[in-house]
Amino acid sequence: MHRLRTCAARLRPLTASQAAQTVCQQRPITAASTGCNRTFQPIRCYSAPVASEPFLNGTSSNYVEEMYYAWLENPKSVHKSWDVFFRNANAGAPPGAAYQSPLGLSAAPGLVTPPLSSLVGAPPNVEKLVEDHLAVQSLIRAYQIRGHHVAQLDPLGIMDADLDSCVPTDIITSSDKLGFYGLDESDLDKVFRLPTTTFIGASETALPLKEIIRRLEMAYCQHIGVEFMFINDLEQCQWIRQKFETPGLMQFTLEEKRTLLARMVRSTRFEEFLQKKWSAEKRFGLEGCESLIPALKTIIDKSSENGVENVIMGMPHRGRLNVLANVIRKELEQIFCQFDSRLESADEGSGDVKYHLGMYHRRINRVTDRNITLSLVANPSHLEAVDPVVQGKTKAEQFYCGDTNGNRVMSILLHGDAAFAGQGIVYETFHLSDLPSYTTHGTVHVVVNNQIGFTTDPRMARSSPYPTDVARVVNAPIFHVNADDPEAVIYVCKVAAEWRATFHKDVVVDLVCYRRMGHNEMDEPMFTQPLMYKQIKKQKPVLQKYAEKLIADGTVSRQEYEEEIAKYDKICEEAHARSKDEKILHIKHWLDSPWPGFFTLDGQPKSMSCPTTGISEADLNQIGQVASSVPVEDFTIHGGLSRILKGRAEMVRHRTVDWALAEYMAFGSLLKEGIHVRLSGQDVERGTFSHRHHVLHDQNVDKRTCIPMNHLSPDQAPYTVCNSSLSEYGVLGFELGFAMASPNALILWEAQFGDFHNTAQCIIDQFICPGQAKWVRQNGIVLLLPHGMEGMGPEHSSARPERFLQMCNDDPDVMPNITEDFAVRQLYDCNWIVVNCASPGNYFHVLRRQILLPFRKPLIVFTPKSLLRHPEARSGFDEMLPGSHFQRLIPDDGPVSERPDAVKRLIFCTGKVYYELTKERKSRGLEDTVAIARMEQLSPFPFDQVKAEFERFPNADLVWCQEEHKNQGYYDYVKPRIRTTINKAKPVGYAGRDPAAAPATGNKNTHLMELRRFLDTAFDMDAFRDQQ
1383 MHRLRTCAAR LRPLTASQAA QTVCQQRPIT AASTGCNRTF QPIRCYSAPV ASEPFLNGTS
1443 SNYVEEMYYA WLENPKSVHK SWDVFFRNAN AGAPPGAAYQ SPLGLSAAPG LVTPPLSSLV
1503 GAPPNVEKLV EDHLAVQSLI RAYQIRGHHV AQLDPLGIMD ADLDSCVPTD IITSSDKLGF
1563 YGLDESDLDK VFRLPTTTFI GASETALPLK EIIRRLEMAY CQHIGVEFMF INDLEQCQWI
1623 RQKFETPGLM QFTLEEKRTL LARMVRSTRF EEFLQKKWSA EKRFGLEGCE SLIPALKTII
1683 DKSSENGVEN VIMGMPHRGR LNVLANVIRK ELEQIFCQFD SRLESADEGS GDVKYHLGMY
1743 HRRINRVTDR NITLSLVANP SHLEAVDPVV QGKTKAEQFY CGDTNGNRVM SILLHGDAAF
1803 AGQGIVYETF HLSDLPSYTT HGTVHVVVNN QIGFTTDPRM ARSSPYPTDV ARVVNAPIFH
1863 VNADDPEAVI YVCKVAAEWR ATFHKDVVVD LVCYRRMGHN EMDEPMFTQP LMYKQIKKQK
1923 PVLQKYAEKL IADGTVSRQE YEEEIAKYDK ICEEAHARSK DEKILHIKHW LDSPWPGFFT
1983 LDGQPKSMSC PTTGISEADL NQIGQVASSV PVEDFTIHGG LSRILKGRAE MVRHRTVDWA
2043 LAEYMAFGSL LKEGIHVRLS GQDVERGTFS HRHHVLHDQN VDKRTCIPMN HLSPDQAPYT
2103 VCNSSLSEYG VLGFELGFAM ASPNALILWE AQFGDFHNTA QCIIDQFICP GQAKWVRQNG
2163 IVLLLPHGME GMGPEHSSAR PERFLQMCND DPDVMPNITE DFAVRQLYDC NWIVVNCASP
2223 GNYFHVLRRQ ILLPFRKPLI VFTPKSLLRH PEARSGFDEM LPGSHFQRLI PDDGPVSERP
2283 DAVKRLIFCT GKVYYELTKE RKSRGLEDTV AIARMEQLSP FPFDQVKAEF ERFPNADLVW
2343 CQEEHKNQGY YDYVKPRIRT TINKAKPVGY AGRDPAAAPA TGNKNTHLME LRRFLDTAFD
2403 MDAFRDQQ
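The opening residue of the sequence shown carries number 1383 in my numbering; numbering runs sequentially from there.
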């Protein structure tokens, strides 16, 4: 092969034209043509230099290689001209001399290397034939690759959907462009054989050049632009070619056209009705992209036909009410009453604006007559933030119904053009699409591309030609379509749904449209886009254009069209009349993830108590045994891991657990009870600090792994532990969505280090913290955030507990009523639970309590680093047996409990600093006079237990000790609450690091000095005397 390539490089024929010069020309801004057949009618005014491809070049190399291999096997299997060519090339003929015309061969059939001088002037008829066929192949390929650049995608005809200012030189938009391929007008009527990589011929294998170009234009340069040639899978490319190139595929029956018109009527008249009734209200209407509604309905219809039973959707605010009304089919009166400012809120929580709310609805799909469940996930204003949440919920629904290929559950994501290009979470979500523990087996993405972002021009909003270019990273085909051509939109959506059903991969539909109003209905767009909005004012609405087309071709009569409009207007008016009877706004009517059977019928917890979270000794021993063994035969583990497993076995023998084993006990016991456990995050399988080792790797067989936790018992629930991509925002959103789907699963996300959560702040601030208040939607997700000042520098030290505590919704100045069920009722009233456990046993209990509670709340756990191996950070089995439970505050039960009156100081603390305090207290001999209480649950605040400790030591002054800086950590949260608890009877002293901008020092020596300083303060009995 090397020899062939070498001679191919040497033997370019002397008759070949000069190499093509590709000239980029600025595109003039002209109105797009009307979509008629326009072979050689230039869309844009430009010309290109005439040039042709050489006979032997990169494009033809595959063809030449095939011929060469055939010739090597049997010289008679190829045409005589090729036989002579290869013989001459192998004999060392100079460039241009190896080729000989077949005319010369007939005179001297035995000649192998004829005189070179006679070859140079030989008639080039076969060469021309081969060159022309190769040129036609290149031409077809050019349309497949770049046809979308000249497609008529912008309904306004102002600019191109792509921002690339170069005109493809190799697309034949005028007859003089033929010269690029070494062809001219005289070749237009010549018939050329079609390659196997095109379907424009249908059943024909050869076509005249003029017809080839016409069919390519029809396929690639009308109202649909297909971007797919970057996909590196031949089968997938061929599938797409067949869908768009085969003549006559885009035909619609009379019934399909009438259905499409009816859907366009509903989409358009819904917005017009809202504008008429509430012209001064924000609703983020769909005007300018009304074809979105039939587009979504087509995707759902086609997917239902292919067996999909559950569709989970995420979308921004634009067109949301229309989607709720006409796709999900929310009752219209429920939507209209949202506009009534007199409506009172009946549910707990603060609610959200109407264009952020979600919805869940199970109904019959009228087209397929099958049941389908549709849910639209509630989301904040943060564009694209809902993307990973939808994917997580979709993955969970697939998991719970055993849908391993995504045949029954799918997701649809809607995007705006500016956000799709601008928001990094889009990229993070795409990169989850093919990961084993995160794939949803293909998502249909629909971009409402109104060619503007609020007031920002696309040229200022992205560097890529299209807003959809991010999708290319996962080889997702991208179908651009002019949204003012509803039939083209419907066809593209059918193909997108079929693609997803066939290949289970992502696909993007780019609806190129416009926005008739401003960003919202109150906004004036002419300030910033005067030319665009002058054109928009002249633009006929798409419904009117499509109706006129159907009336003109006799599909419907004008009377039928007007009756369809009147029918829907009547539906809206009647719903509006009913909406006036609504006096109370029920947010629960807008719930996107109901949990059937978990609550009472009116949505309340079935009890207000939590059973014991302890488990039997037999279970502890059995889980401990699995945790310290390899349950698979002939499996070689690493020597270092053998020592770890032996250490675990030793602990089980001594009836103790460390942090990793306590976690194992919690997970294992829940799995045995039928509760699915899913742990996700960066490096969670081994654990950042090499303590977990939930996935064992065979040292001798590549990729052979074992998860012992899945070998607990035959009827256990499955355990999923998965290393995530290096993403926080995307993965935390995904796990939040997974936790939404069912209350009967423990879903945990662990940050590699606690401070890494700040790149997922949007999910924490907009979904986890206020989710229940805004959307009446509970969620039991657990965040594990490694935290602690270990002298490792400002990064990786603090999980920023102050931020989580600042967002807790309890009142620091009000002492609550202490009732019998106070501990559980407090949990029910809070927006999330924040704990920092210093005891492995307590960590075990808090994880189990998360599932055994009769309701769900997010749980934030500040987890340890050095404590993972601290010899004192151990718990006995006795602390985990039936009857035991999570301790919100662990009182000091040492020597101080014998003579509480003699105690001079009561130190409250949380987390790792407890062990530093006890060590210091022992070295100073203050074990009788200083009590140390561990506050394991920070929020909801344990008012009752703090009060009991305060009353237990009446002569003690109070100190809060923390290792964090004063303006960070817990001090600002706990101080006012302790003061409220004790009715401000005593001040609360502070022992900890001074205020600082960074979470920790980068200098080890400074770290130790700071530690020494605050320990001195904590045990200096005179330190707070002036505060008394």
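Beta carbons are placed, not taken as given, at the ideal position from N, Cα and C, and that holds for glycine.
Inset, instruction - Indicate whether A1543 and Y1896 have their beta-carbon atoms separated by less than 9 Å. - result: no
Inset, instruction - Compare the beta carbon distance of R1700 and L1756 with 9 Å and say whether it is the shorter of the two. - result: no
Inset, instruction - Pick helix, strand or coil for V2341, following the three-state DSSP scheme. - result: strand
Legend entry - Classification of R2281 by the beta-carbon crowding that lies within 10 angstroms, buried from 16 upward: exposed
Legend entry - Contact between the region 2135–2154 and the region 1821–1839 (3+ Cβ pairs under 8 Å): no
Legend entry - 8 Å contact criterion, which D1984 and K2054 should meet: CB distance rounded: About 33 Å separates the two Cβ atoms, so there is no contact after all.
Legend entry - Beta-carbon contacts of E1638 that lie in its chain and below 6 Å, excluding the five residues immediately before and after: none
Legend entry - Pair within 9 Å by beta-carbon distance, V1367 and V1863: The shown model of the chain, from 1383 to 2410, leaves out residue 1367, and the question about it has no answer.
Legend entry - Cutoff 9 Å: V2012 Cβ touching any chain D Cβ: Chain labels in this structure do not include chain D; a single protein chain is all it has.
Legend entry - Pair within 9 Å by beta-carbon distance, C1992 and L2263: no
Inset, instruction - Just tell me which of T1641, Q1624, S1763 and M2197 has its CA closest to the CA of P2358. - result: M2197
Legend entry - Span separating the alpha-carbon of E2309 from that of K2348: 26 Å
Inset, instruction - Give me the Cα-Cα distance between F2259 and P2013, rounded to the nearest whole angstrom. - result: 23 Å
Legend entry - Closest Cα partner of R1854 within the set F1610, F2268, V1830 and D1566: F1610
Legend entry - Distance between Y2297 and M2254 (C-alpha atoms, nearest Å): Here residue 2254 is Glu; the residue named in the question, Met, does not match the sequence. About 8 Å.
Legend entry - Cβ-based burial, Y1451 [other Cβ within 10 Å; buried from 16]: exposed
Legend entry - C-beta atoms of A2009 and L2023 nearer than 9 Å: no
Legend entry - Rounded straight-line distance, which links the Cα of P2322 to that of L2209: 6 Å
Legend entry - Unbroken beta strand (DSSP E) run spanning L2299, endpoints: From DSSP, L2299 is part of no beta strand (DSSP E) but of the alpha helix (DSSP H) over V2295 to R2306.
Legend entry - Close-in-space but distant-in-sequence residues of the same chain around E2392 (CB under 6 Å, 5 per side omitted): R2375
Inset, instruction - Give me whichever residues DSSP pairs with T2038 in a beta bridge. - result: G2258
Inset, instruction - Spatial neighbours of G2276 within its chain, please: CB distance less than 7 Å, with the 5 preceding and 5 following residues excluded, ordered by chain position. - result: E2309
Inset, instruction - With N2387 as the anchor, note down where its alpha helix (DSSP H) starts and where it stops. - result: K2386 to F2401
Legend entry - Proximity winner among V1532, Q1618, T1641 and P1577, relative to Y1602 (alpha-carbon distances): V1532
Legend entry - Cutoff 8 Å; reference R1841; Cβ partners in own chain excluding five residues on either side: L1545
Inset, instruction - Check whether the Cβ of F2120 lies closer than 8 Å to any heavy atom of the ligand SAM, and answer yes or no. - result: With respect to the ligand SAM, the structure shown offers nothing to examine, as it has no ligands at all.
Legend entry - Closest residue to T1822 among E1654, V2216, D1785 and E2184 (Cα-Cα distance): D1785
Inset, instruction - Could you say if the region 1586–1596 and the region 1564–1574 meet the contact criterion of at least three C-beta pairs nearer than 8 Å? - result: yes
Inset, instruction - Could you pull the start and end residues of the alpha helix (DSSP H) that Y2225 belongs to? - result: P2222 to L2234
Legend entry - C-alpha distance - L2288 paired with V2206, whole-angstrom precision: 27 Å
Inset, instruction - Please report how far the alpha carbon of P2246 lies from the alpha carbon of L1538, in whole angstroms. - result: 59 Å
Inset, instruction - For E1653, count neighbouring Cβ atoms within 10 angstroms of its own Cβ and tell me buried if that reaches 16, exposed if not. - result: buried
Inset, instruction - Compare the C-alpha of G1564 against each of P1550, K1510, I1613 and N1832 and name the closest. - result: K1510
Legend entry - Per-residue DSSP class, three states only, for Y1742: strand
Inset, instruction - Please check the pair G2411 and L2094, which I expect to be a contact at CB under 8 Å, by giving their CB distance rounded to whole angstroms. - result: Missing from the structure shown is residue 2411; the chain here goes from 1383 to 2410 and no further.
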